[in-house]
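Working notes for the structure below.
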């Protein structure tokens with residue numbers, strides 16, 4: 001049985017993907033595809049697995065619990081099991097407060113890797129950093145967080161941790177497991193194609209583009225309503241047109257984040273140092289092959305270009 005961990009990330013269409021799986025449960029079972037979502041992983045199954053266990057005995061019990069559930073899926077005839085829960089790589093709030101992408105991913109995924117006995121594949125969906133941070137920060141406002149302060153936005157835009165660092169930590173924590181990276185812009189609206197990329201299966205239940213679009217980030221009107229209910233001034237939203245989305249970062253801040261993301265994609269397309277595979281083509285019948293790193297040099301022998309804006 002192939003065991004595939006879909007580790008998110010947050011704000012990259014994970015909830016929509018999980019809704020697609022639930023809506024097509026019966027048809028997927030008929031093809032030997034099973035899945036565990038947050039409704040299962042967060043109700044005791046992964047307790048003391050991803051998070052640091054209280055004791056060695058607790059860790060052993062947790063690993064045994066996972067093994068029993070895996071065996072149950074095998075006996076049910078599952079040939080490909082997708083475990084999808086974005087919290088496997090860490091809570092979103094922790095990253096927001098640290099102003100960094102998943103700082104604890106290595107430790108958490110190392111424990112999950114061990115508990116699952118070395119999964120076949122780990123899938124991580126990534127998103128342009130200016131869009132990802134905007135989505136994450138605005139998502140948090142209706143959940144008790146305040147509007148991000150200007151100094152917070154500046155610190156985030158100057159941060160050096162991108163998806164390359166996240167993927168490198170993930171690869172170090174999970175030796176021997178294939179890491180597949182997909183892009184939000186390509187797959188978020190087509191969860192059927194994301195599942196095809198994960199499993200290598202054809203003839204999956206189709207999803208019309210945009211049919212599954214859950215857990216959207218709040219727009220201006222929703223944010224104003226939340227702030228008004230709290231008695232918090234919403235002056236910073238006055239420039240956003242009604243019904244529009246709030247662009248948190250100014251042009252220079254957004255440019256820094258886009259440059260970091262461009263570097264991340266270049267590294268992935270150049271082979272990711274053999275650590276991961278980027279899948280960009282949504283049609284699995286026409287797989288995209290990453291070029292060797294030596295074939296895509298940027299003109300200098302620097303391992304990682306400096307992230308500086310032109311004056």
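Residue numbers (the working numbering): 1 to 311.
Just so you know, even glycine gets a beta-carbon here, dropped at the ideal spot from N, CA and C.
For residue i, which of helix, strand or coil comes out of DSSP?
i, result
"residue 183", "strand"
"residue 12", "coil"
"residue 285", "With a pLDDT of 45 at residue 285, under the threshold of 50, the modelled position of this residue cannot be trusted; read the value that follows with caution. The answer is coil: DSSP assigns residue 285 none of H, G, I, E or B."
"residue 290", "Interpretation of residue 290 is limited by its pLDDT of 48, a score under 50 that renders its predicted location unreliable; the figure taken from the coordinates is listed afterwards. Of the three classes helix, strand and coil, the one that applies to residue 290 here is coil, per DSSP."
"residue 214", "coil"
Ends of the alpha helix (DSSP H) at residue i?
i, result
"residue 26", "25-30"
"residue 102", "Premise fails: residue 102 is in no alpha helix (DSSP H) and is neither H nor E."
"residue 268", "251-269"
"residue 174", "Run containing residue 174: none; DSSP gives neither H nor E here."
"residue 193", "191-199"
"residue 220", "220-230"
Could you compute how far the alpha carbon of residue i sits from the alpha carbon of residue j?
i, j, result
"residue 333", "residue 231", "Because residue 333 is not part of the residues shown, which for the chain are 1 to 311, the question remains open."
"residue 137", "residue 90", "16 Å"
"residue 253", "residue 145", "21 Å"
"residue 290", "residue 264", "Confidence at residue 290 is low in this model, with a pLDDT of 48, below 50, so the placement of that residue should be treated as unreliable; the coordinate-derived value is given next. Their Cα atoms are separated by approximately 14 Å."
"residue 241", "residue 130", "20 Å"
"residue 235", "residue 228", "11 Å"
"residue 261", "residue 75", "43 Å"
"residue 94", "residue 1", "33 Å"
With respect to the beta strand (DSSP E) encompassing residue i, which residues constitute its N-terminal and C-terminal limits?
i, result
"residue 81", "80-84"
"residue 2", "2-6"
"residue 278", "277-279"
Can residue i and residue j be called in contact, C-beta distance under 8 Å?
i, j, result
"residue 128", "residue 258", "yes"
"residue 247", "residue 152", "no"
"residue 10", "residue 57", "no"
"residue 121", "residue 177", "yes"
"residue 3", "residue 34", "no"
"residue 123", "residue 276", "no"
"residue 126", "residue 163", "yes"
Closer than 7 Å: is that where the CB of residue i sits relative to any heavy atom of the ligand HEM?
i, result
"residue 60", "Questions concerning the ligand HEM fall outside what the structure shown contains, since it holds no ligand whatsoever."
>> If we require 3 or more residues per run, which beta strand (DSSP E) segments fall completely within the stretch 104-162?
In response: Correct list: 121-126.
> Counting only runs that start and end within the stretch 19-71, where is the beta strand (DSSP E) found for 3 or more residues in a row?
Replying inline: Runs found: 33-36.
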